[in-house]
Amino acid sequence: MKRLASYALQGLVAVLPVALTVYLIYWLLLSMEAVASLAIRAVLPDDDWYFQGLGLLSALLVLILVGMLVDGYVVQHLLRLGDSLMSRIPLVKSVYGAIQDVLRALSITRDKSADSVVMVEVQPGMQLIGFITGRNIAPRLMPTGGEEIIGVYLPMSYQLGGYTVYVPVSSVQHVDISVEEAMRIAVTGASSTAEQAVVL
1 MKRLASYALQ
11 GLVAVLPVAL
21 TVYLIYWLLL
31 SMEAVASLAI
41 RAVLPDDDWY
51 FQGLGLLSAL
61 LVLILVGMLV
71 DGYVVQHLLR
81 LGDSLMSRIP
91 LVKSVYGAIQ
101 DVLRALSITR
111 DKSADSVVMV
121 EVQPGMQLIG
131 FITGRNIAPR
141 LMPTGGEEII
151 GVYLPMSYQL
161 GGYTVYVPVS
171 SVQHVDISVE
181 EAMRIAVTGA
191 SSTAEQAVVL
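If you're matching positions, the sequence shown starts at 1 in my numbering and goes up one per residue.
Here it is in structure tokens:
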């Protein structure tokens with residue numbers, strides 16, 4: 001009986017992450033379709049013109065257009081103003097900051113500037129896994145005139161966000177694994193067998 005329960009638990013551990021991921025994507029797509037369809041139906045002269053999926057397609061197009069606009073200087077300035085405003089409102093700034101941390105953690109694996117996985121020595125015998133993100137900005141923030149300073153993003157395990165630290169290049173050790181794999185190790189605390197093998 002205990003063995004059957006163990007098998008059932010192992011099956012749950014194997015299936016649950018996949019099922020939750022699929023459900024989350026499905027829920028997100030349905031939500032985008034539902035919200036976008038309200039705006040589309042208000043614009044279309046006849047409901048017969050609407051078809052299932054038009055809302056999702058329109059939402060994706062809007063996101064692409066917004067992404068293109070974000071590259072513009074004026075929009076970047078407006079976004080910074082909005083970011084500053086949101087960061088000053090009590091309660092709102094906590095939620096807003098948490099969302100920003102989540103998005104940063106999700107997007108860093110696709111960020112070309114996060115080009116290297118490194119181990120940062122915080123004290124003798126203790127290291128943290130991180131990602132080099134500030135090769136160009138670090139010298140302007142901390143001009144030393146001596147050893148090169150780099151920015152390293154340190155994600156937190158089982159929590160939202162992380163820290164960006166600026167350290168001498170000699171204090172980091174490059175690790176030969178992908179950014180995606182390193183992020184998974186850091187966020188999950190290297191809890192899976194495969195991740196433990198990589199760390200060890």
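Where is the CB? At the ideal position from N, CA and C, for every residue including glycine. Only a predicted model underlies this, so the values are computations on that prediction, with no experimental measurement involved.
Original post:
What first and last residue would you give for the beta strand (DSSP E) that runs through Q173?
Top reply: The count along the sequence shown starts at 1 and reaches residue 173 at position 173. Here the beta strand (DSSP E) through Q173 covers V172 to H174.
Original post:
For the 8 Å Cβ check, are there 3 or more pairs between the stretch 172-181 and the stretch 119-130?
Top reply: Yes: the two stretches touch, three or more of their Cβ pairs being nearer than 8 Å.
**OP:** With a 10 Å radius around its C-beta and 16 neighbouring C-beta atoms as the bar for buried, classify V22 as buried or exposed.
**Re:** Translated into positions along the sequence shown, residue 22 becomes position 22. Exposed is the call here.
Original post:
I185 to Q10, Cα distance in whole Å?
Top reply: Taking the first residue of the sequence shown as position 1, residue 185 is located at position 185. Taking the first residue of the sequence shown as position 1, residue 10 is located at position 10. Straight-line Cα distance between these residues: approximately 20 Å.
**OP:** May I ask you to verify whether the stretch 60-68 touches the stretch 78-89, counting CB pairs closer than 8 Å and requiring at least 3?
**Re:** Short answer: they don't touch.
Original post:
Per DSSP, T164 forms a beta bridge with which residues?
Top reply: Along the sequence shown, one-based indexing puts residue 164 at 164. Paired residues: Y153.
Original post:
Between the C-alpha atoms of V118 and T188, what's the straight-line distance to the nearest angstrom?
Top reply: The residue given as residue 118 occupies position 118 in the sequence shown. The residue given as residue 188 occupies position 188 in the sequence shown. Their Cα atoms are separated by approximately 17 Å.
**OP:** Grab the span of the beta strand (DSSP E) containing M1 for me, first residue to last.
**Re:** On the sequence shown, residue 1 is found 1 positions in, with the first residue counted as 1. That residue, M1, is in no beta strand (DSSP E); it is neither H nor E in DSSP.
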